[in-house]
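Student:
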Amino acid sequence: MAVVRRTQAERRAETERRLLDATMEIVAARGVRAVTLAAVGTAAGYSRGIVTHQFGSRRGLLDALTLELQNRFVPPETDDVLELVDAYLTAFEERPLDTRVYAVLWAEAQAGDEDLRPAFEARDARFVATLAGYLDGDEAMAAVIVALLRGVALTRPDDVRAQVRRLLDRGVNA
0 MAVVRRTQAE
10 RRAETERRLL
20 DATMEIVAAR
30 GVRAVTLAAV
40 GTAAGYSRGI
50 VTHQFGSRRG
60 LLDALTLELQ
70 NRFVPPETDD
80 VLELVDAYLT
90 AFEERPLDTR
100 VYAVLWAEAQ
110 AGDEDLRPAF
120 EARDARFVAT
130 LAGYLDGDEA
140 MAAVIVALLR
150 GVALTRPDDV
160 RAQVRRLLDR
170 GVNA
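Start counting the sequence shown at 0; every next residue gets the next number (numbering that gives the first Met the number 0).
(1) Between the C-alpha atoms of residue 135 and residue 80, what's the straight-line distance to the nearest angstrom?
(2) Can you tell me whether residue 100 is buried or exposed, with buried defined as 16 or more other CB within 10 angstroms of its CB?
(3) Roughly how many angstroms lie between the CA atoms of residue 64 and residue 40, to the nearest whole one?
(4) Assuming contact is defined by CB atoms lying nearer than 7 Å, are residue 126 and residue 143 in contact in what I supplied?
(5) If the criterion is Cβ atoms closer than 7 Å, does the pair residue 26 and residue 36 meet it?
(6) Enumerate, from N- to C-terminal direction, the unbroken alpha helix (DSSP H) stretches of 4 or more residues contained entirely within the region 38–99.
(7) Alpha carbons only, please: which of 11, 19 and 150 is nearest the one belonging to residue 109?
(8) Among 105, 102, 59 and 71, which has the Cα closest to the Cα of residue 89?
(9) For residue 107, is the classification buried or exposed, using 16 other Cβ atoms within 10 angstroms of its Cβ as the cut-off for buried?
(10) Since residue 87 contacts residue 167 with CB under 8 Å, what's their CB separation in whole angstroms?
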């Protein structure tokens with residue numbers, strides 16, 4: 000039986016995946032402050048050095064995790080803002096660990112964590128701009144919708160998607 004060797008790119012991708020998974024587990028269990036390069040390396044079965052090699056710093060690691068999580072919540076392309084909202088909220092409902100970790104990261108960013116705030120500010124601005132494109136350039140309405148979505152997605156009360164959809168349908172189609 001021939002042994003199939005993985006490429007350097009495959010090994011690097013696996014290492015990155017394991018490090019991000021370990022970071023998620025630490026954040027979910029103990030919060031952002033428990034994330035150190037040494038703790039992540041140990042949890043993933045590596046040394047601290049590999050975390051530095053992969054991400055450069057704690058900020059680089061948290062930025063990569065934030066981007067990874069945000070990409071998991073990106074809805075599919077659609078021309079309908081209500082479909083976009085529904086897909087976004089559905090993604091939060093279907094991924095409880097991702098949602099919990101994202102909520103912790105987002106809360107820390109809002110509280111001023113310098114390793115998290117820049118990534119969330121930049122990506123939130125892009126989200127507002129994207130939604131504004133659906134709303135004839137209305138950035139104020141888009142900012143309100145983003146704030147509403149964040150709050151709803153992170154608190155997730157029962158049957159809230161239907162309520163939000165009705166609310167937005169009235170507001171967008173008014």
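Backbone N, C-alpha and C define an ideal beta-carbon position, used for all residues, glycine too.
Predicted, not measured: the structure shown is a model, and the values here were computed from it.
Tutor: From the atom records:
(1) 11 Å
(2) buried
(3) 15 Å
(4) no
(5) no
(6) 47–54, 57–71 and 80–93
(7) 150
(8) 71
(9) buried
(10) Contact flag wrong, Cβ pair sits at about 11 Å.
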